[in-house]
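The block underneath contains the structure these notes are about, expressed in C-alpha cells.
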Amino acid sequence: MTTNTSQDTYGYVAHMDWRAFVVPSGIACLVASFSAASFLMLLPSMATSDAQVLATGLDKLVKEESDSVLDLNFGDSHILASLAFVALVAIGLVILSYARNDRIAYMEAFPHINLAFTKEQVAESIAVRKRCTAIAVAIYLLAAGAFTLLKLFGLSHLATGCAFALGALGTWVIVHGGMRAKREDLFAYNFEALRRTSFYELNAEAKAKNREWMLMAKRRSMLAQSANRVILTAGALGSLALYALPSLATPYYWVSIAGACGIAMLNTHAAMERTRKVSVIDGDLYKVADAAK
1067 MTTNTSQDTY
1077 GYVAHMDWRA
1087 FVVPSGIACL
1097 VASFSAASFL
1107 MLLPSMATSD
1117 AQVLATGLDK
1127 LVKEESDSVL
1137 DLNFGDSHIL
1147 ASLAFVALVA
1157 IGLVILSYAR
1167 NDRIAYMEAF
1177 PHINLAFTKE
1187 QVAESIAVRK
1197 RCTAIAVAIY
1207 LLAAGAFTLL
1217 KLFGLSHLAT
1227 GCAFALGALG
1237 TWVIVHGGMR
1247 AKREDLFAYN
1257 FEALRRTSFY
1267 ELNAEAKAKN
1277 REWMLMAKRR
1287 SMLAQSANRV
1297 ILTAGALGSL
1307 ALYALPSLAT
1317 PYYWVSIAGA
1327 CGIAMLNTHA
1337 AMERTRKVSV
1347 IDGDLYKVAD
1357 AAK
C-alpha cells in the first residue's frame, strides 16, 4: 500500500489542487459577468448600428430564455456592457467544460487511487477550508456594505459592479476552500470513479478479497445514478410545464430543475455515505487513510 503522498505516482494531489483552482475560476467568471457589465455601463455607449442590433438581439434572447426574470436592457442603454456580459459567461462555461472533461479523462486513466494522508495533511486542508470560509464571509459582508453605501449616493451601476466583483472573489475563495478540504477524501473519489468503471472491468481487475464489496459499491452507485436521472427528468419536465403552459406559467419556472439538481446531489451523497459505512475491508482501493483517523 502506498503510505504517503511522496509516492503519488497518480499525480492525484496535483490533479485535485488544479481542480481547486480551475472550477472556482469558472464559477467566478459567471458571477463577474454582472460586475463587468455594470462597470462598463459607466462608459460612453457604442452607437453603431451593427453593435446595436447585436446587443438588442442578445437582450431579447436572455429575456425570453429567463421568461422576463432577467431583463438586462443592455442593448437599449449600453452595448459594451452586453458584450462583456456574454463574453465572461462564455469564458466561465468553457472553463467549467474543460474542468469536467479533464476530470473524466483523469478518472478513466486512474479509476482507483490508493494513497494515505497523514493527520497533518488532513488538518492542513481543514484549516484551509476554515480560513477560506472566514475570508469569504468577510468579502460578502464588504460587498453588502459597499453596495448599500454606494446606493445611498445614487451610484447604482458602481454599486452593482463592486458588489458582484467582490461576490466573484468571495465565491472563488469559498469554493476553493471546499474543494481543497475534500482532497484527502479518497473514498469519495473512488466512489465517483465507479460510475465510469464497468462490472466487467471490476471482475477482471479487482483482487478477489475486494471484488464482492466493489461490485456492491458499483451497484449502489448505479442505483443512485439511475434515481438521479429520474429526478432530473422530472425536474426538467416541471420547469418546462411552468414555462410553457399558460395555466402554470411563472417567472420562477427554474425552481423545479434547481430543486431537482439539489435533490440529486443529496441522493448521490447519501448513497456514498451509506456505502462508506460498510467500507471496512482489508483491501486498498477504497480504504480511507487510517492515518487520518
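The numbering of the sequence shown is our numbering, which starts it at 1067 and goes up by one. For each residue, glycine too, the CB sits at the ideal point set by N, CA and C.
Note to self: If I follow the unbroken alpha helix (DSSP H) through H1178, where does it start and stop?
What the structure shows: Here H1178 belongs to no alpha helix (DSSP H), and DSSP marks it neither H nor E.
On a CA-only basis, which of A1234, E1190, A1247, T1334 is nearest A1094? Give me that one, please.
-> Closest option to A1094, Cα to Cα, is A1234.
**Q.** Straight-line gap, V1152 to L1146 (C-alpha atoms, nearest Å)
**A.** Their backbone Cα atoms lie some 10 Å apart in a straight line.
Can you look up G1243 in the DSSP assignment and give me helix, strand or coil? Residue state, collapsed to three classes: helix.
Compare the Cα-Cα distances from I1179 to each of T1075, A1302, L1159, A1293 and report the closest residue.
When each option's Cα is compared against that of I1179, the closest is T1075.
Note to self: Looking at chain C, is there any beta carbon in it that lies within less than 7 Å of the beta carbon of C1327?
What the structure shows: Among the chains in the structure shown there is no chain C, since it carries only a single protein chain.
- [ ] Can you grab the Cα-Cα spacing for the pair C1198 / R1249, in whole Å?
- [x] Taking the straight line from one Cα to the other gives about 15 Å.
- Query: Taking just the CA atoms, how far does S1099 sit from S1191?
  - Reply: One Cα belongs to S1191, the other to S1099, and the distance between them is close to 30 Å.
- Message: Spatial neighbours of T1341 within its chain, please: C-beta separation below 6 Å, excluding the five flanking residues on both sides.
- Response: Only A1283, R1286 meet the Cβ criterion.
- prompt: Hey, which unbroken runs of the alpha helix (DSSP H) at 4 residues or more fall wholly within the region 1304-1353?
  reply: The qualifying runs are 1320-1342.
Is G1077 helix, strand or coil when you go by DSSP?
Coil.
Practice prompt. Would you check if the distance between the CB atom of I1323 and the CB atom of A1302 is smaller than 7 Å?
Written response: Yes, these two residues count as a Cβ contact at 7 Å.
- Task: Have a look at K1217 and A1225 and give me their C-alpha separation to the nearest angstrom.
- Result: The straight-line gap from Cα to Cα measures roughly 6 Å.
* Counting only the same chain and skipping the five closest in sequence on each side, list residues whose C-beta sits under 7 Å from that of I1157. => Around I1157: C1095.
### Task
Drop a sphere of 10 angstroms on the beta-carbon of A1336, count the other beta-carbons inside from all chains shown, and report buried for 16 or more, exposed for fewer.
Exposed, because fewer than 16 other Cβ atoms sit within 10 Å of the Cβ of A1336.
Subject >> Given L1298 as reference, the closest of V1321, S1313, A1310 once Cα atoms are compared >> reply: Looking at the Cα atoms, V1321 is the closest of the given residues.
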